Amino acid sequence: MKVWRWLWLLATLAVLAEGFRVALFVVPTDSAQGNVQRIFYYHIPSWAGMGLFFAINLGCSLVYLAVRNRNQALAIKADSLAVASAEMGVVFCFIGLVTGSLWGRAVWGIWWTWDARLTSTLVLWLIYVAYLLLRRFAAGPQMRTLAAVMAIFGYLDVPLVYMSTRWWRTQHPAPVFGGAPGSGIDPSMMPAVWWNLAGWLMWGILVASLRYVSEYRDQVSEQQRGLAALG
Amino acid sequence: MGDMGHRHLVLAYAATIVVHLVYLTYVALKLRSAKKTGQ
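Quick note, the sequences are listed as chains A and B, same order. Counting from 4, one number per residue, gives the positions in the first sequence under our numbering. Counting from 2, one number per residue, gives the positions in the second sequence under our numbering.
In structure tokens:
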């Protein structure tokens, strides 16, 4: 692993440790929900991570489709980053669903409800799992093009997930950030949000960069094997 | 809520960390196998 990655890892672990400390021991306890509200400090970074990595996946898929016949080197890089970011997004989305479900069980008394936010999020997760399965099991030169097109259509669900609590009445709480006037959490709780947001996004960038390296190496050696077979 | 809330809080934090570590292990294995393929 390169030096910058070790430094990045150290910084990430320090930020995550501080986030953990601030979330559990520094910020005040929510007067209505009690300590279970602290799940929020790991729940929000999961959705932020999901949004970031699915957006990177979309960007890379568009670049891949644009350059695949003109610039093979860039196409391989874009496609490798698309895979890495899709996997990281799926991991964050899964954690968001699990932490949300645990919070729902404690506060609502139920693990799950088929409201617009939860259902659209589950569909989004399934779309990207299907994207990864397509990449894993489909063969042939058209697989990457098909996956890139699927990623573009899959991303259409992201704004739907984001807006679901604004467009429909949902069991899920109203937006905490960017919601109606007076919504949101107390400013004294915000340090826990910022530390964990920074820490988990830094973690996601590190792990996705490692996954990118392995995927890129795989694709380059696959291309070299193909060229050797032709020659 | 009380104790039940505490249990769910611990489970949520533990699940987050475990899922990330499981994925990191998968990435490390992929990296090792890509290195071997490249040699």
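The C-beta atom is built at its ideal place from N, Cα and C for all residues, glycine as well. Please read all numbers here as calculations on a predicted model, not as lab measurements.
**Report entry** Minimum C-alpha distance to A/Ser212 - residue among A/Lys80, A/Met153 and A/Pro144
**Finding:** It is A/Lys80.
Query raised in the report: Going along chain A in order, which residues have a C-beta closer than 7 Å to the C-beta of B/Leu32?
Result: Near B/Leu32 (Cβ distances below 7 Å), the residues of chain A are Leu213, Val216 and Ser217.
Query raised in the report: Any idea what DSSP makes of A/Arg160, helix, strand or coil?
Result: Position check: residue 160 of chain A holds Asp in this sequence, whereas Arg was assumed. In this structure, A/Asp160 counts as helix in the three-state DSSP scheme.
**Report entry** Distance between A/Leu137 and A/Gly143 (C-alpha atoms, nearest Å)
**Finding:** Spanning the alpha carbons of A/Gly143 and A/Leu137 requires a straight line of approximately 11 Å.
Report task. Using a threshold of 8 Å, state whether the C-beta atoms of A/Ser83 and A/Gln222 are closer than that. Result -> Yes, the pair counts as a contact, with Cβ atoms nearer than the cut-off.
Requested in this report: Output the distance between the C-alpha atoms of A/Val25 and A/Ala232, rounded to the nearest integer angstrom.
Outcome: So the alpha carbons of these two residues sit roughly 57 Å apart.
Query raised in the report: Can you give the beta carbon distance from A/Ala85 to A/Ser64, rounded, assuming they're within the 8 Å contact cut?
Result: Correct: roughly 5 Å between the Cβ atoms.
**Report entry** N-terminal and C-terminal residue of the alpha helix (DSSP H) that A/Trp203 is part of
**Finding:** It spans Met193 to Leu233 - the alpha helix (DSSP H) in which A/Trp203 sits, taken as one unbroken run.
Requested in this report: Would you tell me roughly how many angstroms separate the C-alpha atoms of A/Gly131 and A/Leu19, rounded to the nearest one?
Outcome: Sequence inspection shows Tyr at residue 131 of chain A; the Gly mentioned does not correspond to that position. Each residue's Cα considered, the two are about 27 Å apart.
Query - Min CB distance A/Ser224 to chain C below 8 Å - result: You won't find chain C in this structure, because its protein chains are A and B.
Query raised in the report: Between which two residues does the alpha helix (DSSP H) carrying A/Asn60 extend?
Result: Here the alpha helix (DSSP H) through A/Asn60 covers Phe43 to Val70.
**Report entry** Cα-Cα separation between A/Ala90 and A/Leu68, rounded to whole angstroms
**Finding:** At residue 90 of chain A the sequence reads Glu, which differs from the Ala that was named. The alpha-carbon atoms of A/Glu90 and A/Leu68 are separated by roughly 19 Å.
Requested in this report: Look up A/Asp33 in the DSSP assignment and give the residues it is bridged to.
Outcome: A/Asp33 pairs with A/Gly37.
Query raised in the report: Would you say the region 23-37 of chain A touches the region 187-200 of chain A, given that touching needs at least three Cβ pairs under 8 Å?
Result: Three or more beta-carbon pairs separated by less than 8 Å link the region 23-37 of chain A to the region 187-200 of chain A, which places the two stretches in contact.
Query raised in the report: According to DSSP, is B/Gly6 helix, strand or coil?
Result: For B/Gly6, the three-state secondary structure derived from DSSP is helix.
Requested in this report: Compare the C-alpha of A/Leu149 against each of A/Tyr134, A/Val161, A/Leu16 and A/Leu129 and name the closest.
Outcome: Among A/Tyr134, A/Val161, A/Leu16 and A/Leu129, the Cα nearest to that of A/Leu149 is on A/Tyr134.
Query raised in the report: chain A partners of B/Thr26, CB-CB under 7 Å?
Result: Residues of chain A passing the Cβ test: none, with the nearest at roughly 11 Å.
Report task. Starting from B/Ala15, find everything on chain A with Cβ-Cβ shorter than 8 Å and list it in chain order. Result -> The contacting residues do not exist; B/Ala15 stays about 10 Å from chain A at best.
Requested in this report: Kindly say whether A/Ala51, judged by its beta-carbon, lies nearer than 8 Å to any beta-carbon of chain B.
Outcome: So, not an interface residue.
**Report entry** Residue interval of the alpha helix (DSSP H) (run including A/Met91)
**Finding:** Element bounds for A/Met91: Gln75 to Val110.
Query raised in the report: Within the 8 Å Cβ cut-off, does A/Arg8 reach chain B?
Result: Not an interface residue.
Query raised in the report: Is it true that the CB of A/Trp106 sits closer than 8 Å to the CB of A/His46?
Result: A contact, by the Cβ cut-off of 8 Å.
Query raised in the report: Within 8 Å (strictly less), CB to CB, does B/Leu22 reach chain A?
Result: For B/Leu22, the answer is no, since every Cβ of chain A falls outside 8 Å of its Cβ.
Query raised in the report: In whole angstroms, what is the alpha-carbon distance linking B/Met2 and A/Ile188?
Result: Unreliable positioning characterises B/Met2 in this predicted model, as indicated by a pLDDT of 43, which lies under 50. A coordinate reading is not provided.
Query raised in the report: Would A/Val101 pass as a contact of B/Ala16 if the rule is Cβ separation under 8 Å?
Result: Pairing A/Val101 with B/Ala16 gives a Cβ-Cβ distance under 8 Å.
Requested in this report: For the region 163-170 of chain A and the region 114-128 of chain A, state whether three or more C-beta atom pairs, one from each stretch, are separated by less than 8 Å.
Outcome: Contact holds: three or more Cβ-Cβ distances are below 8 Å.
Query raised in the report: Going by the beta-carbon positions, is the gap between A/Leu77 and A/Tyr158 smaller than 8 Å?
Result: Cβ atoms of A/Leu77 and A/Tyr158: not closer than 8 Å.
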